[in-house]
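Below is one structure; the comments refer to it alone.
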Amino acid sequence: MSRPGTQDHLRIGDLPRESPPWDTPPHPHDPASRAARAGRRVTSRQVRHWALIALLVLAPLLVAEAGVRVLIATGRLPMAAAHLEDFEVTWANLDRLGSAEILVLGDSLSQQGIDPAALGSMVGRDLGRPVVAFDAASSGGSFGVSRALVLQLAREKRLPKVAIVGVSPVSLASDTTYRDVFAHTSLGQIFNDCALASSASALIDCRFGEVSALWRWRGQPARIASAVLRGQPTTLRTRGFLLRRDGFREGPPATSKSLAAQLPVALPGEPGSRTLGADAAQAFVDLVATLRADGVTVIAVAIPYSPLLKDALEARHPGWEASRLAAIQRLEALAGIAIVDPLRFGSWWSAPMSRDVKHLSRLGAPKFVEQLLGMPAFRDPLLGALGRG
256 MSRPGTQDHL
266 RIGDLPRESP
276 PWDTPPHPHD
286 PASRAARAGR
296 RVTSRQVRHW
306 ALIALLVLAP
316 LLVAEAGVRV
326 LIATGRLPMA
336 AAHLEDFEVT
346 WANLDRLGSA
356 EILVLGDSLS
366 QQGIDPAALG
376 SMVGRDLGRP
386 VVAFDAASSG
396 GSFGVSRALV
406 LQLAREKRLP
416 KVAIVGVSPV
426 SLASDTTYRD
436 VFAHTSLGQI
446 FNDCALASSA
456 SALIDCRFGE
466 VSALWRWRGQ
476 PARIASAVLR
486 GQPTTLRTRG
496 FLLRRDGFRE
506 GPPATSKSLA
516 AQLPVALPGE
526 PGSRTLGADA
536 AQAFVDLVAT
546 LRADGVTVIA
556 VAIPYSPLLK
566 DALEARHPGW
576 EASRLAAIQR
586 LEALAGIAIV
596 DPLRFGSWWS
606 APMSRDVKHL
616 SRLGAPKFVE
626 QLLGMPAFRD
636 PLLGALGRG
């Protein structure tokens, strides 16, 4: 009892020493505590459950990814699918080679018209040392296809000292093969670094393909099985042709009779004049600029049709040759490069030197190389770039 007239005073020390309910640890037998522990046990069990599922799903994918990468690394499977089996084999062979001093680019007229073995041998004799040449041209290989290949070689630091760019009457017209076909293949996407992806989904697909070999070959179990069982060939025989390890495609010799039979079939498919397509011109300009920027000597060469077809075209469409020359001159002006133009094959040409009215045979290609090396505009920059001024 306090005295009258005074106030009761409570000191902090006189308060009960009990913790608030939110700071009180749960009693082990408390129902809420048991429920909390049960919840933790369920969560832990779920984590283990999902981890097991992830392992079961990811482990096979990782094994498959490793398997496809081994097939690619050992040369049994191409890096990615291309538009032509020829192109896949050629790229794989160039990859095995590493790099060449001389690289031939262009379409089928270059692939069958400039023999790299003959070129390397003849140039090697002049230089007094071995010279490695490789033909990376391909059927329908427009200038854009060549530039995509060059860009990939530049990333891999495998560019040649000299690039011989074939300019055929067909390649002057358009860059269709690159734009509509090659650029949309898995290999084409890699070569272009996904630059031509037309949508977000296409870009995602391309980026996945860059990092995952399995993604590039998804949906093609037959190709993977073939790679396991047989591997990728280093040469390819199709329809009487032989694609060699150096990229050259050997065509069988024709006869005068077979060429004469082909002519009426080939003529209607040829335009009355040769004009330079805007997309082909831009692709050629970009190709030359890309090569020169990396210090590569560029020698552009016009690849003519056989004399039989050239004469027949001129007779059917007077001025055809003039239109081709005008397109060549326009291309020279745009790219700032002189195009070596032999105009027509030399006196060495006869029916067996051709495979058909457009392409040379395995007999004619070395003769054409010899003709080119007899032209100072071709020979001098080539030898100069390879070590002899």
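For the working numbering, add 255 to where a residue sits in the sequence shown, where the first one is 1. All residues carry an ideal CB built from backbone N, CA and C; glycine is no exception.
1) For G361, which three-state DSSP category applies?
2) With H, G and I counted as helix, E and B as strand and the rest as coil, what does DSSP make of S456?
3) Buried or exposed, going by whether 16 or more other CB atoms sit within 10 Å of the CB of L637?
4) Distance check for W603 and Q537, CA to CA, integer angstroms please.
5) Out of L317, K512, V624, Q301, state which residue places its alpha-carbon closest to the alpha-carbon of G469.
6) Say whether chain D places a C-beta atom closer than 8 Å to the C-beta of A321.
7) Below 6 Å CB to CB, which residues in the same chain sit around V551 once its five sequence neighbours on both sides are set aside?
8) Report the rounded CA-to-CA distance for P371 versus W305, giving the unit in angstroms.
9) Going by CA-CA distance only, name the one from G464, G395, E320 that's closest to D435.
10) Thinking C-beta only, is L364 closer than 8 Å to I558?
11) With H, G and I counted as helix, E and B as strand and the rest as coil, what does DSSP make of Q262?
12) Between which two residues does the alpha helix (DSSP H) carrying R579 extend?
13) Have a look at A290 and P315 and give me their C-alpha separation to the nearest angstrom.
14) Relative to the C-alpha of S397, which residue among L374, G379, M377, T432 is closest?
15) CB of P507 to nearest heavy atom of the ligand GDP: below 7 Å?
16) Can you tell me which of D566, D430, V466 puts its alpha carbon nearest to the alpha carbon of I445?
17) Measuring only the C-alpha atoms, how far is R378 from R504?
18) Compare the beta carbon distance of D390 and D541 with 8 Å and say whether it is the shorter of the two.
19) For R504, write down the residues that DSSP places opposite it in a beta bridge.
20) Take L658 as the anchor and find which of R499, Q475, L618, S513 has the nearest alpha-carbon.
21) Note down the Cα distance separating M630 from K512, rounded to an integer number of angstroms.
22) Comparing alpha-carbon positions, which option in V420, S441, K565, L628 lies nearest Q594?
23) On the premise that T545 lies in contact with R380, defined as a C-beta separation below 8 Å, what is that separation, rounded to the nearest angstrom?
24) By a C-beta neighbour count over all protein chains shown, 10 Å radius and 16 as the cutoff for buried, is L676 buried or exposed?
25) Exposed or buried, V344, counting other C-beta atoms within 10 Å across all chains shown (16 or more means buried)?
From the atom records:
1) Working through the sequence shown from its first residue, we reach residue 361 at position 106. DSSP places G361 in coil when its eight states are reduced to three.
2) Taking the first residue of the sequence shown as position 1, residue 456 is located at position 201. Reduced to three states, the DSSP call for S456 is helix.
3) Translated into positions along the sequence shown, residue 637 becomes position 382. That one is buried.
4) Translated into the one-based positions of the sequence shown, residue 537 becomes position 282. Translated into the one-based positions of the sequence shown, residue 603 becomes position 348. Rounded to whole angstroms, Q537 to W603 spans 35 Å at the Cα level.
5) Position 214 of the sequence shown, counting from 1, holds the residue named residue 469. In the sequence under discussion, the amino acid at residue 469 is Leu, which differs from the Gly named in the question. It is L317.
6) This model lacks chain D altogether; it includes just one protein chain.
7) Within the sequence shown, numbered from 1, the residue matching residue 551 stands at position 296. The answer, listed in chain order, is L414, A418.
8) To locate residue 371, count along the sequence shown from 1; it is residue 116. To locate residue 305, count along the sequence shown from 1; it is residue 50. Distance between the alpha carbons of P371 and W305 is about 58 Å.
9) Residue numbering aside, residue 435 sits at position 180 when the sequence shown is read from its first letter. Selected option, being the one with the closest Cα: G395.
10) For the purposes of this step, residue 558 is taken as the residue at position 303 of the sequence shown. For the purposes of this step, residue 364 is taken as the residue at position 109 of the sequence shown. Contact flag set, yes.
11) Against the sequence shown, residue 262 aligns to sequence position 7. Low per-residue confidence applies at Q262: pLDDT is 47, beneath 50, and the placement is therefore not dependable enough to give any value.
12) Stepping through the sequence shown from its first residue, residue 579 is reached at position 324. Looking at the DSSP string, the run of the alpha helix (DSSP H) that includes R579 is 575-590.
13) Position 35 of the sequence shown holds residue 290. Position 60 of the sequence shown holds residue 315. Unreliable positioning characterises A290 in this predicted model, as indicated by a pLDDT of 49, which lies under 50. A coordinate reading is not provided.
14) The residue given as residue 397 occupies position 142 in the sequence shown. Taking only the C-alpha atoms, the option nearest S397 is T432.
15) Absent from the structure shown: the ligand GDP. Ligands present: none.
16) By 1-based counting over the sequence shown, the position of residue 445 is 190. Ranking the options by Cα distance to I445, first place goes to V466.
17) Position 123 of the sequence shown, counted from the start, is the residue given in the question as residue 378. Position 249 of the sequence shown, counted from the start, is the residue given in the question as residue 504. Contrary to the premise, residue 378 reads as Val rather than Arg in this sequence. Whole-angstrom Cα-Cα distance: 20 Å.
18) Here residue 390 refers to the residue found at position 135 of the sequence shown. Here residue 541 refers to the residue found at position 286 of the sequence shown. Contact: no.
19) One-based indexing of the sequence shown puts residue 504 at position 249. Note: R504 sits in a beta bridge opposite L498.
20) This structure leaves residue 658 out entirely; the chain is present only between 256 and 644.
21) By 1-based counting over the sequence shown, the position of residue 630 is 375. By 1-based counting over the sequence shown, the position of residue 512 is 257. One C-alpha to the other measures close to 32 Å.
22) Position 339 of the sequence shown, counting from 1, holds the residue named residue 594. According to the sequence as given, residue 594 is Ile; it is not Gln. The residue with the shortest Cα to Cα distance from I594 is V420.
23) Here residue 380 refers to the residue found at position 125 when the sequence shown is read from its first residue. Here residue 545 refers to the residue found at position 290 when the sequence shown is read from its first residue. So it is not a contact: roughly 31 Å between Cβ atoms.
24) The question about residue 676 has no answer, for the chain in this structure spans 256 to 644.
25) Reading the sequence shown from its first residue, position 89 is the one you call residue 344. Buried is the call here.
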